[in-house]
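Under the working numbering, think of the first position of the sequence shown as 4, with each following residue one higher.
Data block below; observations after.
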Amino acid sequence: MNILVTGANGQLGNEMRIISKGTNDNYTFTDVVEVEGVETTILDITDAEAIRNIVKEKDIQCIVNCAAYTNVDKAESDEVLCRKLNADAPKLLAEAMKEVNGLLVQISTDYVFGGDPYNTPCREDQKGTPTGVYGKTKLEGEKNIEAVGCDYVIIRTAWLYSEFGKNFVKTMLNLTATKPKLTVVFDQAGTPTYAYDLAVAIKAVLAYYEKENPKDGYSKRGIYHFSNEGVCSWFDFTKKIAELAGNTTCDIEPCHSDEFPSPVKRPAYSVLDKTKIKDTFGLKIPYWTDSLRKCMENMGALKA
């Protein structure tokens, strides 16, 4: 198949570059900026004509949308741009895929939840209750895709990290190595997601689509949840990062969310139920500490 990946220079986009090397598919990697030494086609996903042109030129059958506005705090004061990228652009990508009977794989977020108190893993059919602009615009993007009516697979994920770009793992590796004391919130629970594992799941979605080669609608279209297995708080996550790195001199203590004032209320519990994606695509998802170890090993950050 001919597959287009947006946001290809981000965390997930870079992992998609890695998994693409083990396939016979033709990938076009796009972003709004170039990175030295990395082949990138410039594409503005808010430009409908530019999207149609590249879809036609490359004969694209699938788009994997890894691009998004992800600065949760800044989104509160930058709502126009956030909505343009998270809600309007997915609609344009969906329209482009509908015109060629193609598939859109859209990456969404656990931040579509959070307004109601949950204590069991969130299911795909659970009502979205976002608490901030980021979550609201991502949920709007989902609904826009559904309204267009193209073949789509929306994958909600959470707490993404990788060897690439800026993320929580890299930040905590640095802080636990250089600070004598650190306080980290313990009253937000979720599951870390290694971007490589998510890319492997996307690869499975694409393989099933190619095998089915649908003419009258993709039988597996819909919303799915993906993160690694298990559950932890940001405090637990930090403790495990420090342990694996051998950073023993930093005193890591738990604290409440309100000790770190933020313009947006984050979900207190956003563990995702992954039963549907595992059953549908035959996935075996790694436990979060195993994937963290693998990522840190790739980074050269594991204790010797």
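Just so it is clear, CB atoms sit at the ideal spot from N, CA and C, and this is done for glycine as well.
| Query | Result |
| --- | --- |
| Closest residue to residue 162 among 191, 52, 148, 16 (Cα-Cα distance) | 191 |
| Among 244, 58, 29, 4, nearest to residue 255 - alpha-carbon criterion | 244 |
| Opening and closing residue of the alpha helix (DSSP H) in which residue 14 lies | 14-23 |
| Opposing strand residues paired with residue 257 [DSSP bridges] | 187 |
| Residues of its chain near residue 22, where Cβ-Cβ distance is below 7 Å and the 5 sequence neighbours each way are ignored | 202, 203, 206 |
| Environment of residue 30 [buried if 16+ CB atoms lie within 10 Å] | buried |
| Inter-stretch contact at 8 Å, needing at least 3 Cβ pairs: the stretch 176-190 / the stretch 142-149 | no |
| Neighbourhood of residue 262 by C-beta distance below 8 Å, restricted to the same chain and skipping five residues each side | 186, 188 |
| Secondary structure of residue 298, DSSP reduced to three states | helix |
| Contact between the stretch 217-237 and the stretch 33-41 (3+ Cβ pairs under 8 Å) | no |
| Interface flag, residue 251 vs chain C, CB-CB below 9 Å | Although the question refers to chain C, the structure presented lacks it and comprises just one protein chain. |
| Span of the alpha helix (DSSP H), counted from its first residue to its last, around residue 107 | Looking at the DSSP string, residue 107 is not in any alpha helix (DSSP H); the run it does join, the beta strand (DSSP E), is 106-112. |
| For residue 150, the three-state DSSP class (helix, strand or coil) | helix |
| Given 8 Å, three or more beta-carbon pairs between the stretch 108-122 and the stretch 263-272 | yes |
| Outcome for residue 166 when other beta-carbon atoms lying within 10 angstroms are tallied against a minimum of 16 | buried |
| Helix, strand or coil at residue 137 [DSSP, three-state] | helix |
| Within 9 Å, strictly: CB atoms of residue 92 and residue 107 | no |
| Sequence-distant residues of the same chain with beta carbon closer than 6 Å to residue 101, five excluded per side | 151, 153 |
| Residue 266 versus residue 111 - alpha carbon distance | 21 Å |
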